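Heads up, the thing below is written out as structure tokens.
Number of protein chains: 2
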Amino acid sequence: MPRSTVHDVARAAGVSLATVDRVLNRRPGVRSQTISKVEAAALAVNYSRDVAAANLARRREYPMLFIVPSGSNSFMRGLEREIRRGASQFAAERIHIDVVTVPAMDADALTRAIDRIDPAVHDALAFVAVDAPQVRAAINRLSKRGVPAVTLVSDLPASSRVHYCGVDNVRAGRTAAGLLGRFVSPPGTQIAILSGSLRLNDHAERKSGFEAVMTAEFPHLDVLPAMQGNDDSDLTETIVTQLLSERPELAGLYNLGAGNRGVIRALRKSGRAGMVKVIAHELTDHAREALETGLFEAVINQDAGRQVRSAVRVLKAQLDERPVIADQERIRIDIFLRDNMP
Amino acid sequence: MPRSTVHDVARAAGVSLATVDRVLNRRPGVRSQTISKVEAAALAVNYSRDVAAANLARRREYPMLFIVPSGSNSFMRGLEREIRRGASQFAAERIHIDVVTVPAMDADALTRAIDRIDPAVHDALAFVAVDAPQVRAAINRLSKRGVPAVTLVSDLPASSRVHYCGVDNVRAGRTAAGLLGRFVSPPGTQIAILSGSLRLNDHAERKSGFEAVMTAEFPHLDVLPAMQGNDDSDLTETIVTQLLSERPELAGLYNLGAGNRGVIRALRKSGRAGMVKVIAHELTDHAREALETGLFEAVINQDAGRQVRSAVRVLKAQLDERPVIADQERIRIDIFLRDNMP
DNA sequence: AACAATTTGAGGTACGTCAATCAAATGATC
DNA sequence: GATCATTTGATTGACGTACCTCAAATTGTT
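Chains A and B supply the protein sequences, listed in that same order. Under my numbering, the residues of the first sequence are numbered 1 to 342, in order. Under my numbering, the residues of the second sequence are numbered 1001 to 1342, in order.
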């Protein structure tokens, strides 16, 4: 049974090809009666548009822009790599991707980059959000100019962004707590939380999820107030070194931001590796090695490639005025131990 | 910069379109000198074939057959569902998928099903293997008849199957051990292993991975000899019920096969839920609910949808005589706790 | 009934590739 | 340099859809 084509629909509906075409592409000049006749016929012969042929015929191109933070953050560099990889992959579908970087956690720089977008050049935007009013305003302006945007990795709630392509960070934090709580059994022991910047929506959410589960399910553990490492390896190293020397009872550490290199260095220096159970985020090369050597117990990961592909799919659907299947676009929270690393 | 086409290649190489076509599609009748000239030109103008247009032009169809075990095994039913879903998705790429079921763990039935394959009807096969000599022989016969095959979920090593689309089950077992070993801390406690059938390659591998890590990293835990539940809920329930009554010190249970319903029922009856930490496989509806209610601590999962899509990709590549990017086809070992279930 | 407005039909061209044909050019062989 | 085989060129018609034009048919309005 070969696929049915527009010809089959036309025959089944008893109308001409031109009319079928007008109906299928929502072109004007067709009586509503005829429209429903054609739609019924399409359903009857089980027609579905051959997307490949359609894309070929309409010379529609999909130029998109991705904005990611610059800097040495391994996860972000990995994200950029995945974007570039996606770019070459999606080229076959006439999707062209440009990438620009802006300083991390710099709301003004991000705002400027968004305002610089030329709708004649880029039809859609994906960006890693910093939660700030001026960014929100810029995105709202952008959508007024007809350019849809999605957030990547970190969300910008209450803005006109079309979709958030990233994990549910509250649940990510909850997951980390579930693991760490089970790993450190003796009661009365201390758990430390290390975050990057709470200006990033994702960090704030992870923290709240983590603390919620700790309070509810592991009340016997003593969770210390969160410290801020600013996603910076050196600052993180300083903080963790001091923490380890001050807290001999420390049994667990949850680093919910970046700066894993700093955690690793501090842990190595202290000689307490293995005694303090560490859970971190993002399976970068450093985290990988830390898992391998037993320095980290587990890593919570969000697959950058999936997020990029999801962003592209959502934006393309938006440009084609097709609905997104939200269910299919949910990004998973991966847990990696030494033995199940990909 | 619009994509370059065959025309660009022809111009760059200084040959006609026909010659470019012959080279690109490996048709005979071109001097090797000209071939390299064209290939160089293709590289120079950064040509990449427009897959959509190519698929449109060649009327190649890809009829494939999937063989899955019948029965009430939730994972297998989920797999079948994913195959059927894939079928409608891949239809756009002219890939047609048929599914047949054969009794689970029945090597002879599987052998007959493989021998029944008509190369005129199905160009490729994906199947869940039972590790038996007659199956191996049937697959070898099949590949002689020109039909490539991949194994799904459970492998058939040392056969002429082209690829295995499934997780590394040794590592899955190791992962389970890493988790369970950390979850049950008090020394001297007992851990039980429950398997389905060791005739299935995947079960045997999980068991060996689990035991290896237990011996090496958690020597203080007492791992009991593995019991066989035959992937059957009722038998599994009986076994677990008896186990729980005989072993009051039991602190952990690893169910590496199917039959989770039996484990759940036995655990509920016994009133030891939560005391015995359970790790199981496959995120079926039952496992989901068990995680939700705290009956299971963790579930190791292999994503059925991914495996199906991977199988289709690999088979299509095989039929097109394209190489497979093995790295991209590696199936991940998912870990799910209550809070990171998708 | 005459007219305009709307709806429909018929047909063509294009997208980039595949596949095939037939003619023309080139090469090798004696 | 005549003969034949091999290689290359030129051209054409699909594939399924989009989009356009122009004419024909149908409605609705007065």
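C-beta atoms are modelled at their ideal positions from N, C-alpha and C, and glycine is treated no differently. Note that the coordinates shown come from a computational prediction; the quantities given were computed from them, not determined experimentally.
Use the C-beta contact count for MET1275 of chain B: other C-beta atoms within 10 angstroms, 16 or more gives buried, fewer gives exposed.
-> By the beta-carbon neighbour count (other beta carbons within 10 angstroms, threshold 16), MET1275 of chain B is exposed.
The stretch 66 to 83 of chain A in contact with the stretch 91 to 103 of chain A per 3-pair CB rule at 8 Å | Yes, the stretch 66 to 83 of chain A is in contact with the stretch 91 to 103 of chain A.
THR189 of chain A lies in the beta strand (DSSP E); which residues open and close that run?
-> Taken as a continuous stretch (DSSP letters only), THR189 of chain A belongs to no beta strand (DSSP E), as it is neither H nor E.
Chain B partners of VAL420 of chain A, CB-CB under 7 Å?
-> A question about residue 420 of chain A goes unanswered here, because the residues of chain A that appear run from 1 up to 342.
Keeping to the same chain, check which residues put their C-beta closer than 6 Å to that of PRO1119 of chain B; ignore five residues upstream and five downstream.
-> Cβ within range, chain order: ARG1145, GLY1146, VAL1147.
If you compare alpha carbons, which of A:ILE193, A:SER159, A:ALA317 is closest to PRO225 of chain A?
-> Out of A:ILE193, A:SER159, A:ALA317, the CA that lies nearest to the CA of PRO225 of chain A is found in A:ILE193.
By how many angstroms is the C-alpha of ALA1304 of chain B removed from the C-alpha of ASN1230 of chain B?
-> Taking the straight line joining both Cα atoms gives about 21 Å.
What is the residue span of the alpha helix (DSSP H) that VAL6 of chain A lies within?
-> Where VAL6 of chain A is concerned, the enclosing alpha helix (DSSP H) stretches over 6 to 13.
In terms of alpha-carbon separation, which member of B:LYS1269, B:ARG1265, B:ASN1255 lies closest to VAL1278 of chain B?
-> Comparing Cα positions, the closest option is B:ASN1255.
Note down, one range per segment and in chain order, each alpha helix (DSSP H) of at least 4 residues found wholly within the stretch 1232 to 1285 of chain B.
-> Correct list: 1233 to 1246, 1260 to 1270.
In chain B, which residues lie with their C-beta within 7 Å of the C-beta of ILE333 of chain A?
-> At a beta-carbon threshold of 7 Å, the residues of chain B lying near ILE333 of chain A are ASN1340, ordered along the chain.
Please go through the same chain and pick out, in chain order, the residues whose beta-carbon is closer than 8 Å to the beta-carbon of ARG1027 of chain B, but skip the five residues on each side of it.
-> The answer, listed in chain order, is ASP1021.
Indicate whether at least one CB of chain A lies closer than 9 Å to the CB of GLY1274 of chain B.
-> Among the residues facing chain A, GLY1274 of chain B is not included, as its CB has no counterpart in that chain under 9 Å away.
Alpha carbon to alpha carbon, how far is LEU43 of chain A from GLY1086 of chain B?
-> Those two C-alpha atoms are separated by around 20 Å.
Starting from the Cα of PHE1183 of chain B, find the closest Cα among B:VAL1223, B:GLY1252, B:LEU1244, B:ALA1137 and give me that residue.
-> Ranking the options by Cα distance to PHE1183 of chain B, first place goes to B:GLY1252.
Would you kindly check if the distance between the Cβ of ILE191 of chain A and the Cβ of LEU179 of chain A is under 9 Å?
-> No, they are not a contact pair.
May I ask you to list the residues that DSSP assigns as paired with HIS203 of chain A?
-> BP columns for HIS203 of chain A are empty, so no partner.
Applying a beta-carbon distance threshold of less than 8 Å, which residues of chain B neighbour ASN255 of chain A?
-> Neighbours of ASN255 of chain A on chain B: none; closest Cβ ~18 Å, over 8 Å.
Distance between VAL30 of chain A and ASP1232 of chain B (C-alpha atoms, nearest Å) = Rounded to the nearest angstrom, the two C-alpha atoms are 60 Å apart.
GLY14 of chain A touches chain B at which residues, Cβ-Cβ below 7 Å?
-> The contacting residues do not exist; GLY14 of chain A stays about 26 Å from chain B at best.
Could you check which residue in B:ALA1172, B:PRO1219, B:LEU1243, B:ASP1234 has the C-alpha nearest to that of SER1208 of chain B?
-> Minimum Cα distance to SER1208 of chain B is reached at B:ALA1172.
Shorter than 9 Å from the beta carbon of LEU179 of chain A to some beta carbon of chain B?
-> Chain B, which has a Cβ nearer than 9 Å to the Cβ of LEU179 of chain A, makes this yes.
So, is the C-beta of LEU1337 of chain B closer than 9 Å to a C-beta in chain A?
-> It does; some Cβ of chain A falls within 9 Å.
Within-9 Å CB hit, ALA993 of chain B to chain A = Given a span of 1001 to 1342 for chain B in the structure shown, any question on residue 993 of chain B remains unanswerable.
With a cut-off of 9 Å, does the C-beta of PHE66 of chain A fall near any C-beta of chain B?
-> No, because no Cβ of chain B sits closer than 9 Å to the Cβ of PHE66 of chain A.
Rounded separation between GLU1289 of chain B and TYR1047 of chain B - CA only = When only Cα atoms are considered, GLU1289 of chain B and TYR1047 of chain B end up about 51 Å apart.
Under 8 Å from the C-beta of ARG1182 of chain B: neighbouring residues of chain A = Residues of chain A whose Cβ lies closer than 8 Å to the Cβ of ARG1182 of chain B are, in chain order, ARG182, PHE183, GLU297.
Would you kindly check if the distance between the Cβ of HIS286 of chain A and the Cβ of ASN301 of chain A is under 9 Å?
-> In this structure, HIS286 of chain A does not lie closer than 9 Å to ASN301 of chain A by Cβ.
So, using beta-carbon positions, are LEU152 of chain A and GLN328 of chain A closer together than 9 Å?
-> No, Cβ-Cβ distance for LEU152 of chain A and GLN328 of chain A is not below 9 Å.
Give, in chain order, every unbroken run of the alpha helix (DSSP H) that is at least 4 residues long and sits entirely within the stretch 1116 to 1146 of chain B.
-> Correct list: 1133 to 1144.
Residue range of the alpha helix (DSSP H) that includes THR34 of chain A = Going by DSSP, THR34 of chain A is part of the alpha helix (DSSP H) stretching over 32 to 44.
Minimum C-alpha distance to ALA107 of chain A - residue among A:ALA124, A:ILE97, A:VAL128 = Closest option to ALA107 of chain A, Cα to Cα, is A:VAL128.
Determine, using beta carbons only, whether LEU1156 of chain B comes closer than 9 Å to chain A.
-> When Cβ-Cβ separations below 9 Å define contact, LEU1156 of chain B makes no contact with chain A.
Consider the Cβ of VAL1135 of chain B: report whether some Cβ of chain A lies at a distance smaller than 9 Å.
-> Output row for VAL1135 of chain B: interface = no.
Under a CB-based cut-off of 9 Å, is VAL23 of chain A close to chain B?
-> Interface annotation, VAL23 of chain A: not in contact with chain B, CB-CB separation never under 9 Å.
When DSSP labels each residue in this structure, what does PHE210 of chain A get in the three-state scheme?
-> DSSP places PHE210 of chain A in helix when its eight states are reduced to three.
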